[in-house]
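Undergrad: Take a look at the following structure, please.
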Amino acid sequence: MNPEKMIADLESRAQQLQQRSQQMQEQIQQASSTVTAPNEAVTVRVAPNGALQHIEFSPAALRLTHVQLGQLVMQTVQKAQIQAAEQVASIVEPEFGGTEAMDFLRSFIPQPEEEEQPPPPEDGQVMREVSWNAPAQKPAPPRPPRPADDDEDGFGSVLR
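With the first letter of the sequence shown counted as 1, position 62 gets the number 61 in numbering that gives the first Met the number 0; the numbers rise by one all the way through.
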């Protein structure tokens with residue numbers, strides 16, 4: 000085989016790889032995911048790396064307790080992160096599919112957790128004193144009242 004042809008072929012292939020790499024970089028930079036919660040209380044947007052870029056609350060969020068809202072935000076962000084990671088994986092799949100590099104990349108895609116339904120609000124409940132799924136503690140029992148005559152030594156009060 001002609002050495003000049005081999006070099007020309009290698010240079011052509013290198014140029015094609017560089018162009019494809021540039022295209023993948025641009026596509027990855029444009030990838031993002033926007034997800035709205037089923038009850039439309041929360042909408043989030045995440046970057047290709049899963050970083051939260053935007054969060055928006057609708058008036059429906061006002062009907063949730065702080066615990067419910069926190070859980071809903073976390074679930075919605077996780078869904079958006081999974082979608083963004085899947086987008087990035089689909090962009091690089093044509094070049095790296097079936098390789099250990101692709102398997103490595105896919106190992107970082109978060110797995111969806113079972114959706115935990117937020118607890119229903121209790122009647123008249125605005126906020127709980129104890130949150131984060133901890134059971135509410137009972138208040139300490141009241142102290143017994145002091146006797147009217149607090150004469151421990153039998154001599155009466157020194158202030159008389």
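By construction, the Cβ of each residue, glycine as well, lies at the ideal position given by its N, Cα and C atoms.
Taking the straight line between their C-alpha atoms, what separation do you get for SER32 and ASP8?
TA: Counting from one through the sequence shown, the residue named residue 32 turns up at place 33. Counting from one through the sequence shown, the residue named residue 8 turns up at place 9. Each residue's Cα considered, the two are about 39 Å apart.
Undergrad: Report yes or no: do three or more beta-carbon pairs, one from the segment 95 to 104 and one from the segment 68 to 75, lie closer than 8 Å?
TA: no
Undergrad: Which first and last residues belong to the alpha helix (DSSP H) in which LEU9 is found?
TA: Here residue 9 refers to the residue found at position 10 of the sequence shown. Counting along the chain, the alpha helix (DSSP H) containing LEU9 begins and ends at 2 to 29.
Undergrad: Taking three-plus beta-carbon pairs below 8 Å as touching, is the segment 18 to 29 in contact with the segment 81 to 93?
TA: yes
Undergrad: Anyone know if the C-beta pair for GLN52 and ALA46 falls short of 9 Å?
TA: Translated into the one-based positions of the sequence shown, residue 52 becomes position 53. Translated into the one-based positions of the sequence shown, residue 46 becomes position 47. The answer is yes: Cβ separation under 9 Å.
Undergrad: Please report the straight-line C-alpha distance between MET0 and ALA30, rounded to a whole angstrom.
TA: Counting from 1 along the sequence shown, the entry for residue 0 is found at position 1. Counting from 1 along the sequence shown, the entry for residue 30 is found at position 31. Roughly 43 Å between the two C-alpha positions.
Undergrad: Excluding the 5 residues flanking ARG142 on each side, which residues of the same chain have their C-beta closer than 6 Å to its C-beta?
TA: Working through the sequence shown from its first residue, we reach residue 142 at position 143. So no residue of the chain qualifies.
Undergrad: Starting from LEU51, follow its DSSP beta bridges and name the residues at the other end.
TA: By one-based count along the sequence shown, residue 51 stands at place 52. Answer is VAL45, bridged to LEU51.
Undergrad: For LEU63, which option in SER11, GLN110, ALA40 and PRO109 has the closest C-alpha, if you only look at C-alpha atoms?
TA: The residue given as residue 63 occupies position 64 in the sequence shown. Among SER11, GLN110, ALA40 and PRO109, the Cα nearest to that of LEU63 belongs to ALA40.
Undergrad: Which class does SER106 belong to by DSSP, given the choice of helix, strand or coil?
TA: Translated into the one-based positions of the sequence shown, residue 106 becomes position 107. It is coil, neither helix nor strand.
Undergrad: When the Cα atoms are used, what is the spatial distance from SER106 to GLU94?
TA: What you label residue 106 is simply residue 107 of the sequence shown in a count that begins at 1. What you label residue 94 is simply residue 95 of the sequence shown in a count that begins at 1. Their backbone Cα atoms lie some 17 Å apart in a straight line.
Undergrad: GLN77: which of GLU3, GLN22 and ALA50 sits nearest, CA to CA?
TA: Numbered from its first residue, the sequence shown carries residue 77 at position 78. Nearest option by C-alpha distance: ALA50.
Undergrad: Which value, in whole angstroms, describes the spacing of the CA atoms of ILE6 and GLU55?
TA: What you label residue 6 is simply residue 7 of the sequence shown in a count that begins at 1. What you label residue 55 is simply residue 56 of the sequence shown in a count that begins at 1. Taking the straight line joining both Cα atoms gives about 55 Å.
Undergrad: Do you know offhand how far PRO2's Cα is from ARG12's?
TA: Within the sequence shown, the letter at position 3 stands for residue 2. Within the sequence shown, the letter at position 13 stands for residue 12. PRO2 and ARG12: Cα-Cα distance of roughly 15 Å.
Undergrad: Roughly how many angstroms separate the alpha carbons of ALA36 and PHE103, rounded to a whole number?
TA: Counted from its first residue, the sequence shown places residue 36 at position 37. Counted from its first residue, the sequence shown places residue 103 at position 104. The straight-line gap from Cα to Cα measures roughly 30 Å.
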